[in-house]
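Below: the structure, in structure tokens.
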Amino acid sequence: MLNLHAWQRCLDAEFGAPEPGHYRAQPEDFVVDEQLDFTPENHGEHLWLRLEKRHQTTLDVVKSLSCLCGVAPREVGYSGMKDRVAVTRQWLSVHLPGREAPSDLSVSLAALGITVLAQARHPRKLKRGVHRSNHFTLRLSGEALQGNHFYDRWEALCRQGVPNYFGPQRFGPGGRNLQRAEALFAKGWRKRDDRQGMMLSTARSFLFNELLSERLADGTWCQPLAGDTLMLDGTHSVFTVDAVDNNLLDRAAALDIHPTGALWGVGELADYHVADYEKRLLACHPMLCEGLLKSGVKRSHRALRARLISPSIETLPNAVVLSFALPRGSFATAVVNELIAHPDVA
Numbered sequence: 001m002l003n004l005h006a007w008q009r010c011l012d013a014e015f016g017a018p019e020p021g022h023y024r025a026q027p028e029d030f031v032v033d034e035q036l037d038f039t040p041e042n043h044g045e046h047l048w049l050r051l052e053k054r055h056q057t058t059l060d061v062v063k064s065l066s067c068l069c070g071v072a073p074r075e076v077g078y079s080g081m082k083d084r085v086a087v088t089r090q091w092l093s094v095h096l097p098g099r100e101a102p103s104d105l106s107v108s109l110a111a112l113g114i115t116v117l118a119q120a121r122h123p124r125k126l127k128r129g130v131h132r133s134n135h136f137t138l139r140l141s142g143e144a145l146q147g148n149h150f151y152d153r154w155e156a157l158c159r160q161g162v163p164n165y166f167g168p169q170r171f172g173p174g175g176r177n178l179q180r181a182e183a184l185f186a187k188g189w190r191k192r193d194d195r196q197g198m199m200l201s202t203a204r205s206f207l208f209n210e211l212l213s214e215r216l217a218d219g220t221w222c223q224p225l226a227g228d229t230l231m232l233d234g235t236h237s238v239f240t241v242d243a244v245d246n247n248l249l250d251r252a253a254a255l256d257i258h259p260t261g262a263l264w265g266v267g268e269l270a271d272y273h274v275a276d277y278e279k280r281l282l283a284c285h286p287m288l289c290e291g292l293l294k295s296g297v298k299r300s301h302r303a304l305r306a307r308l309i310s311p312s313i314e315t316l317p318n319a320v321v322l323s324f325a326l327p328r329g330s331f332a333t334a335v336v337n338e339l340i341a342h343p344d345v346a
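Numbered per the UniProt record's numbering, the sequence shown spans residues 1 to 346.
Okay, structure coming up:
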């Protein structure tokens, strides 16, 4: 049985471990606003709805929309999964060719704790992963705020970026999703046993976090190495380097490029220095690595570091409010984990 590890933080070597703190005591302490690069075109077969929810997952909202609009859940589209214990705002789409939504849809959603903020028609379904970023407003409190280095830690994250870990929610309570993935690989992964690919995603996320933690321990998580695949900030464009020069080091220091780690799958292993990390990963977790290869999932890359976009901090009596955006796929819990000690983000 695999267990989640205590992965490395980036600031402990300089400031020591963070002190205990509190976050997400209530949904209003954790506000997420999904940002798209475009707006609906006001015509087409799909009704797009910008919704605000509390105490519900995105899939809960999908089920509610499918029921109220009389469509199958697969006819409801969304870009990203949002937290349950939070106030979250995001677009969802419903395929309604040749007909209108129920006239009382907004009222029915409101009765379920879901507010319609905007709506418009669009020719296409909203697909996964098309949003640009998520904007977060987080309220933190507790002993950590009185510590000597809380604000130093925050300023360091604004300056150098944050380790781009997958958050603990990816692995389920107590890491049970990871245990399920291992059990599935032990008997042979099949699509019918993992139709949404959640077990594949869980295994790849764990292996990525393992690699990132090792590079944090080595001090190379934000420094390009020979053999690295580098990602341009703000995009998913990548290029591989056989050697590292001062220009690349300067660009990495300026947060213009980021080293990446493999999302494990079918494809060539890295070369040069980076190959050693991947070989150790394969040696430590052969069942997960080989299970992913047998599944046929294609290898890809994820940045080891995420830049905080437009960060700010507000000091309140007995609390602080952090405001920042992260690229899609990055977790705010990675930021919280560097600032406070809390069991839900460890």
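Backbone N, C-alpha and C define an ideal beta-carbon position, used for all residues, glycine too.
DSSP-derived helix/strand/coil call for residue i
i	result
SER79	coil
ARG9	coil
LEU281	helix
PHE324	strand
SER205	helix
ALA319	strand
PRO73	helix
PRO18	coil
VAL274	helix
MET1	For MET1, the pLDDT reaches just 45, beneath the cut-off of 50, and the residue's location in the model is therefore unreliable, although a value from the coordinates is still provided. It is coil, neither helix nor strand.
Beta bridge counterpart(s) of residue i as assigned by DSSP
i	result
TYR23	LEU140
GLN90	LEU51
MET198	According to DSSP, MET198 bridges with nothing at all.
ASN177	According to DSSP, which records beta bridges pairwise, ASN177 is partnered with nothing at all.
GLY261	ARG302
SER108	DSSP, once it has assigned bridges, lists no residue as partnering SER108.
PRO40	Its beta-bridge partners do not exist; DSSP assigns none.
HIS131	Note: HIS131 sits in no beta bridge, so no partner.
PRO163	ARG305
VAL266	LYS298
Nearest-angstrom Cα separation, counted from residue j out to residue i
i	j	result
LYS82	HIS131	12 Å
ALA243	LEU326	29 Å
ARG9	SER108	44 Å
ALA226	HIS258	13 Å
LEU117	ALA101	15 Å
VAL241	LEU230	8 Å
THR137	GLN26	13 Å
ASN318	SER141	6 Å
GLU14	LEU322	22 Å
ASN148	GLN169	30 Å
ALA120	ASN42	5 Å
VAL61	HIS273	45 Å
GLY98	SER106	20 Å
GLN196	THR202	11 Å
LEU157	LEU212	16 Å
HIS22	GLU143	8 Å
ASP104	ARG192	37 Å
GLY291	ALA275	20 Å
GLU75	CYS69	10 Å
GLN56	PHE331	18 Å
MET199	ARG190	11 Å
Range covered by the beta strand (DSSP E) that runs through residue i
i	result
GLU314	309-316
GLY291	That residue, GLY291, is in no beta strand (DSSP E); its alpha helix (DSSP H) goes 286-295.
GLN119	114-122
LEU232	229-232
VAL32	30-35
Residue range of the alpha helix (DSSP H) that includes residue i
i	result
PHE331	Taken as a continuous stretch (DSSP letters only), PHE331 belongs to no alpha helix (DSSP H), as it is neither H nor E.
THR58	58-69
ARG159	150-160
VAL238	Not the alpha helix (DSSP H): VAL238 falls in the beta strand (DSSP E), residues 238-240.
ASP344	Careful: ASP344 lies outside any alpha helix (DSSP H) and carries neither H nor E.
ASP250	246-253
Inter-residue CB distance, residue i and residue j (contact presumed, cutoff 8 Å)
i	j	result
ILE313	SER133	The Cβ separation is near 19 Å, so there is no contact.
ALA262	GLN223	Not confirmed; about 17 Å, so no contact.
VAL297	GLY329	16 Å between Cβ atoms; not a contact.
ARG128	SER79	6 Å
TRP7	ASN209	6 Å
LEU281	ASN164	Not quite, the Cβ-Cβ distance comes to about 17 Å (not below 8 Å), so this is no contact.
HIS301	THR260	4 Å
HIS122	ASP33	Wrong, their Cβ atoms sit about 20 Å apart, outside the cutoff.
ASP29	ARG153	Contact doesn't hold; Cβ gap of about 19 Å is too wide.
GLU182	LEU288	7 Å
VAL31	ALA86	7 Å
TYR277	GLU214	6 Å
Cβ of residue i within 8 Å of any chain B Cβ
i	result
ASN247	As a matter of chain content, chain B is missing from the structure shown, which is built from one protein chain.
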